[in-house]
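Report on one structure; see the data block that follows.
Residue numbers (the numbering used here): 43 to 617.
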C-alpha cells in the first residue's frame, strides 16, 4: 500500500472517529434539550455535561470513551430521576449518591424485580462497545487541560447555584433532572460544610446535664426496667398514623356529613391540633417526629432523607423508652421496609418486630384501612400468651392521594355526594370509611379483650395536597409558596386524638390544645402513666417553656441544645 493510500485511509479513519465523537456529544446535547426547560436550566445542564466529560478526561484522556460514558451516565441519571419522581414525586438529588445503602438497591429490586437482569444485559452490551472505542480512539487530551475544564465548570455551576438558589418546590416538578441535580450538589456540600448533618450546639467544655441532674456526657441508652416498674400492669399502646387526615371544615364553605368532626375528638371531648413538619407529604417526616421525638427540620435541606440519615445513628425514641417499661414493640409498615431505610431506622429506635407489606402478604401499599386493623388484631392475638404489654405503630393508607379517582366504591354503597368538588367529596368519603373502620376496630378490641386495656393515640401525618386549594381559595401562587416556605400553621395543622379502650388515660396535662409532632411520644407516655426517662423529662420542660412548639422555639435554639444533649449522651451518633 502506497504512502498516499495509507494516509488517505488514516484520514478517513480519523474523520470517521471524530464524527462519531461529535455525534455522541450531539446526542448528549439532544438528551439535555429534551429533558431541561428554560435557558437557565439548559445552561446549567450543559455545564454539568462539560464537567462530567472533563472529569472523565482527567482519568482516561480518551475523548471518545469519555463522551460515550458521559452520555450513558446522563441518560441513566435522567431515567433514575424519572423513576424516583414516579414513586416519591421528587427528582434525583446529590444526596441520593451521598447516602448510598443496600436498602436503596433492595427497594429498587423489590419494585422492579426484572431490573437486575436488565442491568446485566445492558452491561454485557456496553462493555464490548466501550472496549472498541478504547481500542480505536486515536485522540488524547492532556490532563492539565481537562483539569482546567473541571475547575472552570465547577466554579461556574457553584456561582450560578449560589446566585440563583434552588427553590424548595423545584425538585417536585419532575423536569430539569440534570440541572436540579447539579444545584443540589452545591446545596448539600455547603450544608455539610457549615452545619454537618444535623443542627446542634457545639460541644461544651464540661458535661451538659439532662433533667433530674442526669449527666448527658457518656450517658448510655437506659437499660430495660431502670426507673420503670415492669411488674405494673400497663395498657397496650397503639400509635395510629391516619394518612393525609385533618379536619377539612377548617377550610371555608366545605360541606361534611353530620357528626364529621366527632372523629377528631379525644376521649375527654376535646379537639386538639398537631403541627406537622410537612404538608401534602412526605409522611416520613412525621414518622421521624413521633418515633424519635425530634425535628426533621434540624436536618435543614437534607431533611427529605431524614430516615436514611438517621438509620442506626439516632437511637433515642419512643419504642426504646417503652421497652424500658417491658413493652414489646411492633411496627406495621404499609410498603417495603427498604423504602428510605425505614426498617433500619425504626429498628434503631427500638422497634423489635418490623412487619412490612411483604410480611403482610400483599403487593400493593394502598389497602383499605380495615386490612391494617385486622393485621393489628392478628399481632395482638399472637402476642397475648406472652402477657407483656404491646406497643404497635399502625399505618393507614386508603386516604392517600390521588382523590380524583374513586377508591373502592364498594366500601360506601350508600354514599351520596356532598356538593363539594368531586376531589373534595372523595377525600371526605375516604375519611368516613376510616372513621367507620376505626369504630369497628375498637369494638373488636372491647369484645375480644374485655380484661385488657388499650391506649390509642391517632394523628394526621400531614394535610392532603388538596388543602392548598381549599384553605384560601383564590390565593395567588407566590403568596401560597410564601405560606408553605414559612411553615404557616394553616397548612401544617392536622389533628391528634387520645382514646382509651377499657382504660382512662392517666395524665393528659401534656396534651396541649396545639402541639408540635415531636412531642407526641411525650404525650403518649404520660397518658399511659409511664415515668419519663431523663431525655423526655428534659423535653417536657422545653415543651412547657415553648408552649408546645419545638424546632421553631427561640429560632431553633432549644432544638439545637437538645440535639447536643443527645449527641453527648450517645443517642445520636455519627452526625
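Built from N, CA and C at the ideal position, the CB exists for glycine as well.
Quiz item: Which partner residues of residue 278 appear in the DSSP bridge assignment?
Solution: Taking the chain shown and counting its residues from 1, one reaches residue 278 at position 236. Beta-bridge pairing links residue 278 to 496.
Quiz item: Any idea what DSSP makes of residue 611, helix, strand or coil?
Solution: What you label residue 611 is simply residue 569 of the chain shown in a count that begins at 1. Here DSSP, grouped into helix, strand and coil, assigns residue 611 to coil.
Quiz item: Taking C-beta to C-beta, are residue 537 and residue 508 nearer than 8 Å?
Solution: Along the chain shown, one-based indexing puts residue 537 at 495. Along the chain shown, one-based indexing puts residue 508 at 466. For the 8 Å CB-CB criterion, residue 537 and residue 508 do not form a contact.
Quiz item: Could you give the C-beta distance for residue 322 and residue 506, rounded to a whole number, given that I count them as a contact under 8 Å?
Solution: The sequence position of residue 322 within the chain shown is 280, counting from 1. The sequence position of residue 506 within the chain shown is 464, counting from 1. That belief holds up - the Cβ atoms of residue 322 and residue 506 are roughly 7 Å apart, short of 8 Å.
Quiz item: Taking just the CA atoms, how far does residue 328 sit from residue 610?
Solution: Taking the first residue of the chain shown as 1, we reach residue 610 at position 568. Taking the first residue of the chain shown as 1, we reach residue 328 at position 286. Straight-line measurement puts the Cα of residue 328 at about 25 Å from the Cα of residue 610.
Quiz item: Around the C-beta of residue 190, are 16 or more other C-beta atoms found within 10 angstroms, so that it is buried, or is it exposed?
Solution: For this step, residue 190 is matched to residue 148 along the chain shown. In the assembly as shown, residue 190 is an exposed residue. Its beta-carbon has fewer than 16 other beta-carbons within 10 Å.
Quiz prompt | Complete runs of the alpha helix (DSSP H) confined to the stretch 317-389 [at least 4 residues] | solution = Here the runs fully enclosed are 325-334, 348-352, 360-365.
Exercise. Identify the continuous beta strand (DSSP E) that holds residue 542 and give its terminal residues.
Key: The residue you call residue 542 lines up with position 500 of the chain shown. Counting along the chain, the beta strand (DSSP E) containing residue 542 begins and ends at 538-543.
Quiz item: So residue 500 packs on residue 553, CB below 8 Å; how close in whole Å?
Solution: Start at 1 with the first residue of the chain shown, and residue 500 comes out as number 458. Start at 1 with the first residue of the chain shown, and residue 553 comes out as number 511. Contact flag wrong, Cβ pair sits at about 13 Å.
Quiz item: Whose C-beta lies closer than 7 Å to the C-beta of residue 243 among residues of the same chain, with five residues either side of it excluded?
Solution: As a first step, residue 243 is located in the chain shown; it is residue number 201 there, counting from the start. Closer than 7 Å at Cβ, skipping near neighbours: 602, 603, 606.
Quiz item: Do residue 219 and residue 495 have their C-beta atoms closer together than 8 Å?
Solution: To locate residue 219, count along the chain shown from 1; it is residue 177. To locate residue 495, count along the chain shown from 1; it is residue 453. Not closer than 8 Å, so no.
Quiz prompt | Contacts around residue 233, its chain only, beta-carbon distance under 8 Å, and the 5 residues preceding and following it disregarded | solution = The sequence position of residue 233 within the chain shown is 191, counting from 1. Close CB contacts of residue 233 within its chain, under the 8 Å cut and outside five residues either way in sequence, are with 342, 343, 344 (chain order).
Self-check item: Closest by C-alpha distance to residue 544, when choosing among 520, 587, 498, 567
Solution: Residue mapping note: residue 544 aligns to position 502 of the chain shown, counting from 1. Scanning 520, 587, 498, 567 for the CA closest to the CA of residue 544 turns up 498.
Practice problem: Could you check which residue in 465, 340, 579 has the C-alpha nearest to that of residue 595? | Solution: On the chain shown, position 553 is the one that residue 595 refers to. The residue with the shortest Cα to Cα distance from residue 595 is 340.
Self-check item: Local conformation of residue 510 per DSSP, three classes
Solution: In the chain shown, counting from the first residue as 1, residue 510 sits at position 468. The answer is helix: DSSP assigns residue 510 an H, G or I state.
Quiz item: Would residue 519 be called buried (16 or more neighbouring beta carbons within 10 Å of its own) or exposed?
Solution: On the chain shown, residue 519 is found 477 positions in, with the first residue counted as 1. Residue 519 should be labelled exposed.
Quiz item: If residue 349 sits next to residue 384, beta carbons under 8 Å apart, how far is it from one beta carbon to the other, in whole angstroms?
Solution: Counting from one through the chain shown, the residue named residue 349 turns up at place 307. Counting from one through the chain shown, the residue named residue 384 turns up at place 342. Yes, they are in contact, since the Cβ atoms of residue 349 and residue 384 sit about 6 Å apart, within 8 Å.
Exercise. Determine the DSSP secondary structure at residue 63, reduced to helix, strand or coil.
Key: Your numbering for residue 63 matches position 21 in the chain shown. It is helical.
Quiz item: Under the rule that 16 or more other beta-carbon atoms within 10 Å means buried, what is residue 632, buried or exposed?
Solution: Lying outside 43 to 617, the shown extent of the chain, residue 632 is not represented and no answer is given.
Practice problem: Per DSSP, which residues does residue 535 bridge with? Please list them. | Solution: On the chain shown, position 493 is the one that residue 535 refers to. Bridge partners of residue 535: 317.
Quiz item: Between which two residues does the beta strand (DSSP E) carrying residue 397 extend?
Solution: The residue labelled residue 397 in the question sits at position 355 within the chain shown. Here the beta strand (DSSP E) through residue 397 covers 395-397.
Quiz item: Do residue 287 and residue 502 have their C-beta atoms within less than 8 Å of each other?
Solution: Position 245 of the chain shown, counting from 1, holds the residue named residue 287. Position 460 of the chain shown, counting from 1, holds the residue named residue 502. Judged by their CB atoms, residue 287 and residue 502 are nearer to each other than the 8 Å cut-off.
Self-check item: Pairwise C-alpha distance: residue 466 and residue 61
Solution: Counting from one through the chain shown, the residue named residue 61 turns up at place 19. Counting from one through the chain shown, the residue named residue 466 turns up at place 424. Taking the straight line joining both Cα atoms gives about 57 Å.
Exercise. Please determine if the stretch 308-326 and the stretch 471-482 are in contact, where contact requires at least 3 C-beta pairs separated by less than 8 Å.
Key: For the pair of segments examined, the stretch 308-326 was found not to touch the stretch 471-482: the number of CB pairs separated by less than 8 Å stays below three.
Quiz item: Rounded to a whole number of angstroms, what is the C-alpha to C-alpha distance between residue 442 and residue 99?
Solution: To locate residue 442, count along the chain shown from 1; it is residue 400. To locate residue 99, count along the chain shown from 1; it is residue 57. Approximately 47 Å between the Cα atoms of the pair.
Exercise. Would you kindly work out how many angstroms separate the C-alpha atoms of residue 101 and residue 353, rounded to a whole number?
Key: Within the chain shown, numbered from 1, the residue matching residue 101 stands at position 59. Within the chain shown, numbered from 1, the residue matching residue 353 stands at position 311. Computed Cα separation, rounded: 34 Å.
Exercise. Would you grab the beta carbon distance between residue 86 and residue 240 for me? Rounded to a whole angstrom, and I think it's under 8 Å.
Key: Working through the chain shown from its first residue, we reach residue 86 at position 44. Working through the chain shown from its first residue, we reach residue 240 at position 198. Not quite, the Cβ-Cβ distance comes to about 29 Å (not below 8 Å), so this is no contact.
Self-check item: Strand pairing of residue 283, partner residues [DSSP]
Solution: Numbered from 1 along the chain shown, position 241 holds the residue referred to as residue 283. Per the DSSP secondary-structure output, residue 283 pairs in a beta bridge with 437, 501.
Self-check item: For residue 558, the residue or residues it bridges with in DSSP
Solution: Along the chain shown, read from residue 1 onward, the residue named residue 558 stands at position 516. The partner list for residue 558 (beta bridge, DSSP) reads 317.
Exercise. May I ask you to report which of helix, strand or coil DSSP gives residue 312?
Key: Counting from one through the chain shown, the residue named residue 312 turns up at place 270. Residue state, collapsed to three classes: coil.
Quiz item: Helix, strand or coil: which one does DSSP assign to residue 404?
Solution: Here the question's residue 404 lines up with position 362 in the chain shown. Here residue 404 sits in coil by DSSP.
Quiz prompt | Nearest-angstrom beta carbon gap, residue 317 and residue 559 [assumed within contact, 8 Å] | solution = Position 517 of the chain shown, counting from 1, holds the residue named residue 559. Position 275 of the chain shown, counting from 1, holds the residue named residue 317. With a Cβ gap of about 7 Å, residue 559 and residue 317 count as contacting.
Quiz item: Ordered along the chain, which non-local residues of its own chain (more than five positions away) have a Cβ less than 6 Å from that of residue 566?
Solution: Along the chain shown, read from residue 1 onward, the residue named residue 566 stands at position 524. So the list reads 499, once near-sequence residues are dropped.
Self-check item: residue 33 in three-state terms, based on DSSP
Solution: What the structure shows of the chain is the stretch from 43 to 617, and residue 33 is not part of that stretch, so it cannot be assessed.
Quiz item: For residue 524, does the three-state DSSP call read helix, strand or coil?
Solution: Working through the chain shown from its first residue, we reach residue 524 at position 482. The answer is helix: DSSP assigns residue 524 an H, G or I state.
Exercise. Leaving out five residues on either side along the sequence, give the residues of the same chain with a beta carbon under 6 Å from the beta carbon of residue 331.
Key: Here residue 331 is taken as the residue at index 289 of the chain shown, counted from 1. Within the same chain, and ignoring the five residues on either side of residue 331 in sequence, the residues whose Cβ sits closer than 6 Å to its Cβ are 559, 560.
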